[in-house]
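**Q** Numbering (our numbering), first residue to last: 8 to 347.
All C-beta atoms, glycine included, are put in the ideal place defined by N, C-alpha and C.
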Ligand code: KG4
Ligand code: ZN
């Protein structure tokens, strides 16, 4: 069997062709970073319009790269939750149209579950059961993943997502968008102990939750007090920028690592799978490697291309199809986080 997977939850237009053996025949990701850069964040209306322009060429290119045509496709999978409503609708409309035209089943993929499944795709082996950490621009959540398609949400952020905090701090430091890679680059030259930033709930072992808004405010006040104007207007020295970036990143990493270990304690599992754009962060990867090695736990973090949004992770639909989980044409988008 060959599945076409479609991903348009935020600002990447992506499609892939995968087999029921989880082989990737072709994959395309069209980034919109340049369209959103000057706004310092994803603008939903621009994102949905760009998806409309790109979705058909992206699907065509994925099919070409796979060396197949639409008539070879046995099912179409689309991420319909969570994400930006307008963006989700473009992918869903394309998927439904193809299912009608080809008379094949439709599979509704949860974008966050798919981020964890990216670890399974990269590993080339079964990784379940595991604890899952999703760290992206929109989400920071911990899961108990019983199987590839049976997830229990253990907890998440009560305000900003980790990636959102990276993006906002990058904007304050004048580092551009997307913020994560820029902050990581600046942090490489900085002292992570230069500023003592807050680490919410760090030692609260029974609280598998995150909060990054206080950290973001602390960075803002470290740049300049509120009465002194906007942080974006403050001329920082390269040393100050690097120290602020490094100290901020260290605070985020401390919390993400501690909470992941607490999730392993809480679930009694010995495998951690990490997904989402922030998992591309080298400091986070190194610290997770050390922390899991210390307790003899297995760690799965995908390569960078499978950390950020892509359609290969939509191969979770193969497992859903095997379990008979198909959707009908009344399927709608669910922009908010589904508590499962
Ligand atoms: O998963 P993703 O591609 O899209 C969402 O579903 O949100 O994640 C994007 C987020 C952005 O906030 C971006 O700044 C962050 O991932 N990110 C990083 C790094 N690369 C991307 N954050 C920290 N360090 C990085 N190297
Ligand atoms: Zn994502």
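1. Hey, how far is the Cα of residue 259 from the Cα of residue 156?
2. Please report the residue range of the beta strand (DSSP E) in which residue 137 lies.
3. Buried or exposed for residue 203, going by 16 or more other Cβ atoms inside 10 Å?
4. What residues in its chain sit with their C-beta under 6 Å from that of residue 217, if we drop five residues either side in the sequence?
5. Among residues of its own chain, excluding the 5 on either side of residue 247, which ones have a beta-carbon nearer than 7 Å to its beta-carbon?
6. Do residue 172 and residue 251 come within 8 Å of each other at the CB atom, strictly closer than that value?
7. Nearest CA to the CA of residue 181: which residue from 118, 46, 150, 198?
8. Let me check you understand the geometry: is the CB of residue 188 closer than 7 Å to at least one non-hydrogen atom of the ligand KG4?
9. Give me every residue whose Cβ sits closer than 6 Å to any heavy atom of the ligand ZN, in chain order.
10. Does the ligand KG4 have even one heavy atom less than 7 Å from the beta-carbon of residue 288?
11. I need the boundaries of the beta strand (DSSP E) containing residue 117, first residue and last residue.
12. Quick one: what's got a C-beta closer than 7 Å to residue 121's C-beta in the same chain, skipping five residues either side?
13. Would residue 398 be called buried (16 or more neighbouring beta carbons within 10 Å of its own) or exposed?
14. From residue 367 to residue 194, what distance separates their C-alpha atoms?
15. Under the rule that 16 or more other beta-carbon atoms within 10 Å means buried, what is residue 82, buried or exposed?
16. Can you tell me the Cα-Cα spacing of residue 275 and residue 88, whole angstroms?
17. Beta carbon of residue 106, beta carbon of residue 113: below 8 Å?
18. Compute the Euclidean distance between the alpha carbons of residue 209 and residue 110, then round it to the nearest angstrom.
19. Taking residue 162 as part of the beta strand (DSSP E), name the residues at either end of that continuous run.
20. Just the Cα atoms here: how many angstroms apart are residue 24 and residue 279?
21. Tell me whether the beta-carbon of residue 144 lies closer than 8 Å to the beta-carbon of residue 17.
22. Could you name the residues that DSSP lists as bridge partners for residue 34?
**A** In this structure, then:
1. Taking the straight line from one Cα to the other gives about 28 Å.
2. Element bounds for residue 137: 137-142.
3. Taking all protein chains in view, the Cβ of residue 203 is surrounded by fewer than 16 other Cβ atoms within 10 Å, so the residue is classified as exposed.
4. Result list for residue 217: 147, 164, in chain order.
5. Result list for residue 247: empty, nothing under 7 Å.
6. Not in contact: residue 251 and residue 172 (Cβ atoms no closer than 8 Å).
7. Shortest Cα-Cα distance from residue 181 to any of 118, 46, 150, 198 involves 46.
8. Yes; taking the cut-off as 7 Å, the Cβ of residue 188 has a heavy atom of the ligand KG4 nearer than that.
9. In chain order, the residues with a C-beta atom nearer than 6 Å to some heavy atom of the ligand ZN are 118, 122, 143, 283, 316.
10. Relative to the non-hydrogen atoms of the ligand KG4, the Cβ of residue 288 comes within a distance shorter than 7 Å of at least one.
11. Run containing residue 117: 113-117, per the beta strand (DSSP E) assignment.
12. Excluding positions up to five away in sequence, the list reads 86, 320, 321, 323.
13. No information on residue 398 is available, as it lies outside the stretch 8 to 347 that the chain covers here.
14. Absent from the model: residue 367. The displayed extent of the chain is 8 to 347, so no value can be given.
15. Looking at its Cβ environment, which holds 16 or more other Cβ atoms inside 10 Å, residue 82 is buried.
16. When rounded, the distance between both Cα atoms is 29 Å.
17. Taking 8 Å as the cut-off, the Cβ atoms of residue 106 and residue 113 count as close.
18. Taking the straight line joining both Cα atoms gives about 51 Å.
19. Residue 162 -> beta strand (DSSP E) spans 157-163.
20. Straight-line measurement puts the Cα of residue 279 at about 27 Å from the Cα of residue 24.
21. In contact: residue 144 and residue 17 (Cβ atoms closer than 8 Å).
22. BP columns for residue 34 point to 23.
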